[in-house]
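Numbering (the working numbering), first residue to last: 2 to 342. Encoded as structure tokens, the structure appears first; notes follow it.
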């Protein structure tokens with residue numbers, strides 16, 4: 002291609018964008034979106050209601066507030082489950098076809114639709130009532146079999162958005178962990194170096210996601226226990242300090258949405274570089290060219306380091322590896338020209 006043509010300079014950048022469009026990235030973005038929506042539309046309003054014990058926001062928003070939390074939690078945990086399943090297939094069955102972008106978007110759409118359906122009873126039975134002159138937003142189940150329906154619903158919610166996905170993730174990450182930590186590098190020295198680099202990158206990602214899952218499980222366990230106990234024994238809601246107990250349980254559950262960026266930033270170098278680039282406008286944050294390179298695929302990043310002399314380039318490489326090295330150098334030149342335009 003003609004290096005003087007501005008369009009040719011942008012090919013590397015477009016290729017980089019394609020590299021980032023993986024199924025795992027789609028699911029992680031979906032997880033972040035559900036956490037963001039939970040923080041924006043639920044946390045503040047529920048905190049005000051729990052602390053004042055008065056509902057100020059009208060009947061329509063009362064229905065929304067009882068419907069959306071279950072939706073967001075379902076989307077969050079099944080996005081994490083989808084990541085675990087996708088990593089399981091990629092690592093344990095590497096020759097099976099990977100999810101396409103279209104298939105991934107369909108799965109995400111199905112997750113949201115099922116979440117909407119699961120949370121619908123909370124919206125349908127939510128209403129505003131007056132209690133000693135104060136307005137309350139509560140879910141009123143039918144009088145005849147309301148308690149049975151409520152108990153069955155809460156058990157179904159706990160199984161579907163807590164126990165079942167956690168069990169699936171536990172099995173998937175256990176098998177992945179055993180496979181990765183017991184694997185040995187085959188072939189020549191060069192192949193071993195490349196293989197170990199790939200395995201270490203996968204280990205870091207698995208560690209990150211396991212921590213995310215554990216934090217989620219710990220934060221939401223008291224919340225589910227609270228409502229199961231209330232379903233078995235409704236007079237628990239009349240206890241003197243129950244509002245303070247609920248507020249503590251609620252805040253712990255909602256806090257799960259703020260830990261993920263911290264975990265990613267602490268345990269994943271690429272996320273850390275991405276944060277630096279996203280917030281480089283902040284005076285206390287400095288992004289370097291190395292941070293830009295970190296967002297590329299690992300192979301391109303390693304090639305660039307060899308080109309700069311940070312990693313010695315071995316002569317044991319094949320012709321195809323030398324071609325990759327030359328192509329990567331050209332790619333990086335085009336990428337930075339495009340970035341400057």
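C-beta: ideal position from N, C-alpha, C; glycine also.
DSSP three-state assignment for residue i, whether helix, strand or coil
i           : result
residue 36  : helix
residue 312 : Since pLDDT at residue 312 reaches only 44, below the 50 mark, its modelled position is unreliable, and no value is offered.
residue 286 : coil
residue 16  : Caution applies to residue 16, whose pLDDT of 44 falls short of 50 and renders its modelled position unreliable; the value that the coordinates give is listed next. Correct three-state label for residue 16: helix.
residue 269 : coil
residue 217 : helix
residue 428 : Nothing about residue 428 can be reported from this structure: the residues present for the chain run from 2 to 342 only.
residue 258 : helix
residue 183 : coil
residue 233 : helix
residue 75  : helix
residue 66  : helix
residue 25  : helix
residue 239 : helix
residue 280 : coil
Residue i burial status per 10 Å Cβ neighbour count (16 or more: buried)
i           : result
residue 87  : buried
residue 123 : buried
residue 13  : Caution is warranted here: a pLDDT of 44 is assigned to residue 13, below 50, making its placement in the model unreliable, and no coordinate value can be reported.
residue 158 : buried
residue 267 : exposed
residue 225 : buried
residue 70  : buried
residue 127 : buried
residue 154 : buried
residue 57  : exposed
residue 236 : exposed
residue 313 : Note on residue 313: pLDDT 43, under 50, position unreliable in the model; the coordinate value appears next. Result: exposed.
residue 215 : exposed
residue 100 : buried
residue 131 : exposed
residue 125 : exposed
residue 282 : exposed
residue 164 : exposed
residue 183 : exposed
residue 294 : buried
residue 254 : buried
residue 96  : exposed
residue 234 : exposed
residue 135 : exposed
Under 8 Å between C-beta atoms of residue i and residue j
i           : j           : result
residue 264 : residue 212 : yes
residue 25  : residue 84  : yes
residue 247 : residue 166 : no
residue 173 : residue 89  : yes
residue 72  : residue 33  : no
residue 66  : residue 47  : yes
residue 82  : residue 210 : no
residue 228 : residue 51  : no
residue 40  : residue 77  : no
residue 180 : residue 93  : yes
residue 257 : residue 217 : yes
residue 27  : residue 112 : no
residue 152 : residue 232 : yes
CB contact below 8 Å: residue i versus chain C
i           : result
residue 249 : Judged by its chain identifiers, the structure shown contains no chain C, having just a single protein chain.
N-terminal and C-terminal residue of the alpha helix (DSSP H) that residue i is part of
i           : result
residue 51  : 45 to 53
residue 254 : 243 to 255
> Where are the alpha helix (DSSP H) runs, 4 residues long or more, that stay fully inside the segment 83 to 164, in chain order?
Replying inline: 102 to 125, 147 to 159
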